[in-house]
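Working notes for the structure below.
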Amino acid sequence: MSEKINPLRRRFLGIAAMSIAATQLGRFGSAIAQSSQTQPKETATTQPGTVQSTDPNATRPFTRSARDIRGASPYLPIKNEPAPKLIVDPPIPEGLAQGIFWAQYRVENLRIVPVFGAGAIQISPRVGHLHITVDDLPWWWADASDTNTIDIAGLPPGQHKVKIELVDPNHKVFPGQVVTLTFTVPNYKRAHAH
């Protein structure tokens, strides 16, 4: 059974769809048209076992590949994997003003996934997760979410320390991959707890 749509709403949806399509065409269509006019047409012979791309960006200089941006494919093992690297930004000031620690991070040469144990050590490309410790407390938690932002709420005003460790599936820290951020949470008005 199909749902009946109000004629005025149908007209609005149609206009909205045309507007979006026109915007996209204007934004992307003209860029593609310009690039096809300014780029010389290349005729390439494809050797057996190679692939010829129809991507208009593929022939542009300085275009980074998907592998450059996303890393290696998970379908093939990597020989001689480079060491993993953890990069963490300073806490976001807007969060600290509310008693919230938000710090963005990224990793290189490792995928953060919720896979644990000795069997996962041999996975290639390499996998791991984060260990997070607050204010030198004797406990930590594992973060395998790969959300790109560490989120710790309810910090009281004052100086705090957050230690972030990049670890393998057996919880062993990768050498040199520990970042400790020391910061101050200013006095702030706490929101009413519900």
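My numbering numbers the first residue of the sequence shown as 1161 and each following residue consecutively.
The beta-carbon is built from N, C-alpha and C at its ideal position, and this holds for glycine as well.
All values reported here derive from a predicted model rather than from experimental measurement.
Pair within 8 Å by beta-carbon distance, residue i and residue j
{"i": "Phe-1276", "j": "Ile-1310", "result": "no"}
{"i": "Leu-1341", "j": "Pro-1250", "result": "yes"}
Residues sharing a beta bridge with residue i, DSSP
{"i": "Ile-1247", "result": "Arg-1266"}
{"i": "His-1289", "result": "Val-1327"}
{"i": "Leu-1341", "result": "Val-1322"}
{"i": "Phe-1261", "result": "Ile-1312"}
{"i": "Arg-1350", "result": "DSSP output for Arg-1350 lists no bridge partner at all."}
{"i": "Arg-1271", "result": "Val-1287"}
{"i": "Asp-1228", "result": "Answer by DSSP bridge pairing: none, since Asp-1228 is not bridged."}
Where residue i falls, given that 16 or more other Cβ within 10 Å makes a residue buried
{"i": "Ile-1324", "result": "buried"}
{"i": "Ile-1272", "result": "buried"}
{"i": "Arg-1227", "result": "exposed"}
{"i": "Arg-1286", "result": "buried"}
{"i": "Gln-1337", "result": "buried"}
Close Cβ partners of residue i (< 6 Å) along its chain, the five nearest in sequence each way excluded
{"i": "His-1354", "result": "For His-1354, the predicted structure reports a pLDDT of 39, less than 50, and the residue's modelled location is therefore unreliable. A value from the coordinates is still provided. Here the set comprises nothing."}
{"i": "Ala-1313", "result": "Ile-1260"}
{"i": "Phe-1134", "result": "Given a span of 1161 to 1354 for the chain in the structure shown, any question on residue 1134 remains unanswerable."}
{"i": "Ile-1238", "result": "Ala-1232, Ser-1284 and Pro-1285"}
Contacts around residue i, its chain only, beta-carbon distance under 7 Å, and the 5 residues preceding and following it disregarded
{"i": "Phe-1343", "result": "Pro-1251, Leu-1256 and His-1320"}
{"i": "Asn-1308", "result": "Gln-1264, Tyr-1265 and Arg-1266"}
{"i": "Pro-1317", "result": "Val-1345, Pro-1346, Asn-1347 and Tyr-1348"}
{"i": "Ile-1247", "result": "Tyr-1265 and Arg-1266"}
Expected contact under 8 Å - CB spacing of residue i and residue j to nearest Å
{"i": "Pro-1274", "j": "Ala-1304", "result": "4 Å"}
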